[in-house]
Amino acid sequence: MKRLEHLFVVFVLCRLLLLVYFPWFALSQSSTSCPLNFNLAKSYVSAATSSHPSDLCAFSLQILHLVESQYLLTSNLFVPPSQSSSSCWSALSSLLSPILSPYSISLPSSCGFSTASISLPCMNLSSLASFSAAIPSHALADLNNSCDRPLESSSFCTACTTSLNRIKASYLPGPDVSNVTNCASYPFIYAAAVANRFGPQDSSTAFCLFLLSNVSYSPASHGSSISAAIPAGIAARCAVLVLLAAYAVWYYFIHRRRRKRSWTQSRRQSGPLSDQIGASTTLIKFVFDDIRAATGNFSRENIIGQGGFGNVYKGVLSDGTEVAIKRFKNCSAAGDSSFSHEVEVIASVRHVNLVALRGYCMATTPMEGHQRIIVCDLMPNGSLHDHLFGHTGSKLSWPVRQKIAVGTARGLAYLHNGAQPAIIHRDIKASNILLDENFEAMVADFGLARYAPEGMSHVSTRVAGTMGYVAPEYALYGQLTEKSDVYSYGVVMLELLSGKKALVTKEDGQNFLVTDWAWSLVRKGKTLEVIEEGMEELGPEEVLEKYVLVAILCSHPQLHARPTMDQVVKILETDIAVPSIPDRPLSVIAHKDDIERSMSSSSSGQLFSSSGYNPYIAASDETHQNSGIS
Numbered sequence: 001m002k003r004l005e006h007l008f009v010v011f012v013l014c015r016l017l018l019l020v021y022f023p024w025f026a027l028s029q030s031s032t033s034c035p036l037n038f039n040l041a042k043s044y045v046s047a048a049t050s051s052h053p054s055d056l057c058a059f060s061l062q063i064l065h066l067v068e069s070q071y072l073l074t075s076n077l078f079v080p081p082s083q084s085s086s087s088c089w090s091a092l093s094s095l096l097s098p099i100l101s102p103y104s105i106s107l108p109s110s111c112g113f114s115t116a117s118i119s120l121p122c123m124n125l126s127s128l129a130s131f132s133a134a135i136p137s138h139a140l141a142d143l144n145n146s147c148d149r150p151l152e153s154s155s156f157c158t159a160c161t162t163s164l165n166r167i168k169a170s171y172l173p174g175p176d177v178s179n180v181t182n183c184a185s186y187p188f189i190y191a192a193a194v195a196n197r198f199g200p201q202d203s204s205t206a207f208c209l210f211l212l213s214n215v216s217y218s219p220a221s222h223g224s225s226i227s228a229a230i231p232a233g234i235a236a237r238c239a240v241l242v243l244l245a246a247y248a249v250w251y252y253f254i255h256r257r258r259r260k261r262s263w264t265q266s267r268r269q270s271g272p273l274s275d276q277i278g279a280s281t282t283l284i285k286f287v288f289d290d291i292r293a294a295t296g297n298f299s300r301e302n303i304i305g306q307g308g309f310g311n312v313y314k315g316v317l318s319d320g321t322e323v324a325i326k327r328f329k330n331c332s333a334a335g336d337s338s339f340s341h342e343v344e345v346i347a348s349v350r351h352v353n354l355v356a357l358r359g360y361c362m363a364t365t366p367m368e369g370h371q372r373i374i375v376c377d378l379m380p381n382g383s384l385h386d387h388l389f390g391h392t393g394s395k396l397s398w399p400v401r402q403k404i405a406v407g408t409a410r411g412l413a414y415l416h417n418g419a420q421p422a423i424i425h426r427d428i429k430a431s432n433i434l435l436d437e438n439f440e441a442m443v444a445d446f447g448l449a450r451y452a453p454e455g456m457s458h459v460s461t462r463v464a465g466t467m468g469y470v471a472p473e474y475a476l477y478g479q480l481t482e483k484s485d486v487y488s489y490g491v492v493m494l495e496l497l498s499g500k501k502a503l504v505t506k507e508d509g510q511n512f513l514v515t516d517w518a519w520s521l522v523r524k525g526k527t528l529e530v531i532e533e534g535m536e537e538l539g540p541e542e543v544l545e546k547y548v549l550v551a552i553l554c555s556h557p558q559l560h561a562r563p564t565m566d567q568v569v570k571i572l573e574t575d576i577a578v579p580s581i582p583d584r585p586l587s588v589i590a591h592k593d594d595i596e597r598s599m600s601s602s603s604s605g606q607l608f609s610s611s612g613y614n615p616y617i618a619a620s621d622e623t624h625q626n627s628g629i630s
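Residue numbers for the sequence shown follow UniProt numbering, beginning at 1 and rising by one.
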């Protein structure tokens, strides 16, 4: 009898050891059937095609999130129980087998997911009740109001997803214990199940919230990798978080320490700084008379740029150094604190693709009044706008344009991910991309930049920017994210590739966005027709096409369909294929009242013309075909 008792104790101890050190074994021994109903997603899988396996992992997650929304609707639970993890992976793999098997992809291992991850909730919020308790009632009411409508309308879809991103940024900071159903995906699952009356089985809901289409679409474009049915895999909730986490760890433990050491050494070498703004800058405080002498008393002949803020002058310092001097107009001493903030923003970042700040000047004179000035390095080749739309005499060659596209992407990626805290530029346009003596791109003019609060990727702000470059969700709803910069970058990239301005003007004076013009060509399989005629040293067609598709992807009207700037850099610098591009929804229609509200809330006054023209009312396909735009 005692022998049996000993054997029983040994058996129990072995089971405990297996549970601690090999949880997957214990899980597999007690696996139950999966409660998720994957039949809901069959039509989306049937319509899916892809030319690259990297798309399929993201597509798998979107399918899972759609099915989880139905599970939340029927059971009030976000994720299935842990004992059903294995069977749920098996069910998902079986559903996706027709599109995964040609690439030898097996879930979850091939995509970097663990078996248990399918059942790990965000912040331990596994039920609808716990999620509702974590979100303030007024925020849930706003979410429900924004999403409880037909989402086939692009304006309604954008309003809904904007609200969802706000919920994630404000109330679901993580940490994410799973890269399968993470905190970024929770609001979208909730919206499909609870907020939207049509539910997850509605095709427009699936497309808006999960980028899933049950209509097959595959334009022929010289081997193009577009497929509207496979989602881009670029939404924040579906990014490959393992790689991003590795990057974050590398950055924190290596890059930041290296940067801290370099700043420390710089301060030791330069000695005490009596004239600095903030603790992290080493700026020269210029005397106003020196600035006046450098610019020839602000001579008109020295003006090299003009804008709503004031003029930019070419200047020569006493040591012969050529600089760019930005002089703000309509200044008063009351605004010096805001000016100090701007100077700190510019001076706190250092990158080879960002214009460096040399110094500043604040002074009050009897003749000129109060003055606020910043001094930057002078870029000998002017701006990208000068070369594309000025009178420089010759067109930029393809290698130069390629260099500019990559350099600009690197600079923006650093602002979004390298600067601490992250910086959103807010006014990316061709005139703010300067070119040095080697035609390296330098992102300039942080006058509209704002710090993004730590831990948040989405903030509300007054609209500021330049017509044609401003993202729809920002122009119409005042919602600002890093993806707003991504949209503007996509517009600049289309200008760079096509030689056409952000707003294309027909002979009859009507305007269309270059993004709509380019998309009308791409969807017809004429991707290479976006490239400007007469460009010298053209590269391989597959490379040209890749750059056009990246520009189209970045300028997608829905913010969750755009990549991050880090992802853009990786695509442009490596052999990574462009993710599948979701089909663009119907035009973002804004009523006249919406336009007037946008105009009244705009701090720059540059978003809409006095005629009430709304650049986000896109033309129909028939209009594009007969637009006369070449």
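Just so you know, even glycine gets a beta-carbon here, dropped at the ideal spot from N, CA and C.
Three or more Cβ pairs closer than 8 Å define a contact, and the segment 351-365 falls short of that threshold against the segment 382-394. The C-beta separation of residue 492 from residue 433 comes to about 7 Å, placing the pair in contact by the 8 Å criterion. Counting only the Cα atoms, residue 34 lies some 42 Å from residue 476. Note on residue 158: 16 or more other CB atoms within 10 angstroms of its CB, so buried under the neighbour-count rule. If you draw a straight line from the Cα of residue 361 to the Cα of residue 305, it comes to about 19 Å. When the Cα atoms are used, residue 300 and residue 291 turn out to be separated by approximately 15 Å. Our two residues, residue 112 and residue 106, have alpha carbons roughly 10 Å apart in a direct line. Counting only the Cα atoms, residue 90 lies some 44 Å from residue 530. It is roughly 30 Å from the alpha-carbon of residue 110 to the alpha-carbon of residue 202. Residue 141 counts as exposed, since fewer than 16 other C-beta atoms from the protein chains shown sit within 10 angstroms of its C-beta.
Here the segment 484-500 makes contact with the segment 539-552; the two share three or more CB pairs at distances below 8 Å. Rounded to whole angstroms, the separation of the alpha carbons of residue 435 and residue 442 is 6 Å.
Three or more beta-carbon pairs drawn from the segment 551-571 and the segment 479-488 are found closer than 8 Å, and the two stretches are therefore classed as touching. The beta-bridge partner set that DSSP reports for residue 326 consists of 312 and 374. Straight through space, the alpha carbons of residue 528 and residue 184 are spaced by roughly 35 Å. For residue 365, the enclosing beta strand (DSSP E) starts and ends at 357-365.
The C-alpha of residue 137 lies about 15 Å from the C-alpha of residue 191. Counted as a single uninterrupted DSSP element, the alpha helix (DSSP H) harbouring residue 144 occupies residues 137-147. The shortest C-alpha to C-alpha distance from residue 570 to any of 430, 519, 406 and 533 is the one to 406. In chain order, 511, 512, 513, 514, 517 and 629 place their CB closer than 8 Å to the CB of residue 504, counting only its own chain and leaving out the 5 sequence neighbours on each side.
Here DSSP, grouped into helix, strand and coil, assigns residue 577 to coil. Cβ-Cβ separation between residue 100 and residue 67: approximately 16 Å, too far for a contact (criterion under 8 Å). A straight line joining the alpha-carbon of residue 329 with that of residue 382 spans about 22 Å. With respect to the 8 Å criterion, residue 363 and residue 288 are classified as neighbours on the basis of their beta carbons.
In the structure shown, the three-state DSSP call for residue 207 is helix.
Of the candidates 322, 482, 179 and 123, the residue whose Cα lies closest to the Cα of residue 61 is 179.
The beta carbon of residue 437 sits closer than 7 Å to those of 380 and 381, all from its chain and outside the five residues before and after it, given in chain order. 8 Å or more divides the Cβ of residue 347 from the Cβ of residue 415. Taken through DSSP and simplified to helix, strand or coil, residue 349 comes out as coil.
In the three-state scheme derived from DSSP, where H, G and I count as helix and E and B as strand, residue 535 is classed as coil. In the assembly as shown, residue 468 is a buried residue. Its beta-carbon has 16 or more other beta-carbons within 10 Å. Contact check for residue 473 against residue 564 fails: the beta carbons are separated by 8 Å or more.
Assigned with DSSP and collapsed to three states, residue 504 falls in strand. If you look at residue 133, you'll find it in the alpha helix (DSSP H) that goes 128-134.
Separation of residue 131 and residue 123 (C-alpha to C-alpha, rounded to the nearest whole angstrom) is 9 Å. Per DSSP, residue 432 has no beta-bridge partner at all.
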